[in-house]
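Novice:
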Amino acid sequence: MIFETERLEVRYLKIEDIEGYYKLQSDPLVLKYATGEVDTYEGIKQNLKEVIAKYTLPNNDFWIFAVVEKQSKNFLGTVAHVKEANGDDEIGYRFIRECWGKGFGFEVCSGLVTYAKTIKLPKLIGYVVDENIASAKILERLNFLEVKKDIDKDTGLPETKYELKL
Numbered sequence: 005m006i007f008e009t010e011r012l013e014v015r016y017l018k019i020e021d022i023e024g025y026y027k028l029q030s031d032p033l034v035l036k037y038a039t040g041e042v043d044t045y046e047g048i049k050q051n052l053k054e055v056i057a058k059y060t061l062p063n064n065d066f067w068i069f070a071v072v073e074k075q076s077k078n079f080l081g082t083v084a085h086v087k088e089a090n091g092d093d094e095i096g097y098r099f100i101r102e103c104w105g106k107g108f109g110f111e112v113c114s115g116l117v118t119y120a121k122t123i124k125l126p127k128l129i130g131y132v133v134d135e136n137i138a139s140a141k142i143l144e145r146l147n148f149l150e151v152k153k154d155i156d157k158d159t160g161l162p163e164t165k166y167e168l169k170l
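Using the working numbering, the first residue of the sequence shown is number 5, and each one after it goes up by one.
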């Protein structure tokens, strides 16, 4: 396990997560504000294998973890920590649509902030497409500050870069 919150565990993805991962990665509404396009089951399974393989790479800078419910162990979504070329530590998350509106986004981001402090990261950044009001509110509630407005290179939509100094 990477870290846990009151209701959630964040752990390494495993191939047995494929059904939940497919449900997540094949939903166009989940992907609406994110990079990535809906793919076939086989394509998503291959993507999952590639993400898992990155865990053992030396100097890996691309971490995607499973978010599971503590009690049921059900796969709910993913959380990401990506080291950008400029050294910034970017975070992101996705949840299966049935999990929306239950406070999981805030809970996992709050846990991620705590985890980032324990591994001594200097700051976290997050990019939010401006239409994604719920995600912007989560970062603002966690005291992330707006630092830049831009156009998302993948979606072509206006986005805001947020930063939290730890």
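Glycine included, every Cβ here is placed at the ideal spot set by N, Cα and C.
1. Can you give the beta carbon distance from Ile-3 to Ala-84, rounded, assuming they're within the 8 Å contact cut?
2. Once you ignore the five residues that flank Lys-36 on each side, which residues in its own chain have a CB closer than 7 Å to its CB?
3. Just verifying my parser: in three-state terms, what is the DSSP assignment at Gly-81?
4. Could you check whether the Cβ of Lys-27 sits closer than 8 Å to any Cβ belonging to chain B?
5. Determine the extent of the beta strand (DSSP E) in which Ala-70 is found, giving its start and end residues.
6. Helix, strand or coil for Glu-13 per DSSP?
7. Please go through the same chain and pick out, in chain order, the residues whose beta-carbon is closer than 7 Å to the beta-carbon of Glu-73, but skip the five residues on each side of it.
8. Hey, quick one: how far does the alpha helix (DSSP H) through Val-55 stretch, first residue to last?
9. Tell me which same chain residues have a C-beta within less than 8 Å of the C-beta of Phe-108, skipping the five on either side of it?
10. Short check: CB of Leu-28 to CB of Leu-52, under 8 Å?
11. Does Tyr-59 pass the burial test, meaning 16 or more other C-beta atoms within 10 Å, or should it be called exposed?
12. Can you tell me the Cα-Cα spacing of Phe-7 and Leu-33, whole angstroms?
13. How far does the beta strand (DSSP E) with Tyr-37 in it extend, from its first residue to its last?
14. From the DSSP secondary-structure annotation, give me the bridge partner or partners of Lys-127.
15. Starting from Gly-109, trace the alpha helix (DSSP H) in both directions and tell me its first and last residue.
16. Taking the beta carbon of Asp-154 as the centre, do at least 16 other beta carbons fall within 10 Å, making it buried, or is it exposed?
Specialist: So, from the data block:
1. Because the chain in this structure spans residues 5 to 170, residue 3 falls outside the shown range and cannot be described.
2. Closer than 7 Å at Cβ, skipping near neighbours: no residue.
3. Note: Gly-81 maps to strand in three-state DSSP.
4. Of the chains in the structure shown, none is chain B; there is only one protein chain.
5. DSSP places Ala-70 in the uninterrupted beta strand (DSSP E) bounded by 66-73.
6. Residue state for Glu-13 is assigned as strand, using DSSP reduced to three classes.
7. Around Glu-73: Arg-11, Leu-12 and Leu-80.
8. Counting along the chain, the alpha helix (DSSP H) containing Val-55 begins and ends at 45-58.
9. So the qualifying residues of the chain are Arg-11, Leu-12, Val-71, Leu-80, Gly-81 and Phe-99.
10. Result no, Cβ atoms of Leu-28 and Leu-52 do not sit closer than 8 Å.
11. Under a 10 Å Cβ-count criterion, Tyr-59 is classified as exposed, with fewer than 16 other Cβ atoms of the shown protein chains found around its own Cβ.
12. Each residue's Cα considered, the two are about 27 Å apart.
13. Per DSSP, Tyr-37 belongs to no beta strand (DSSP E) and is neither H nor E.
14. Under DSSP, the beta-bridge partners assigned to Lys-127 are Lys-169.
15. DSSP places Gly-109 in the uninterrupted alpha helix (DSSP H) bounded by 108-122.
16. Exposed, because fewer than 16 other Cβ atoms sit within 10 Å of the Cβ of Asp-154.
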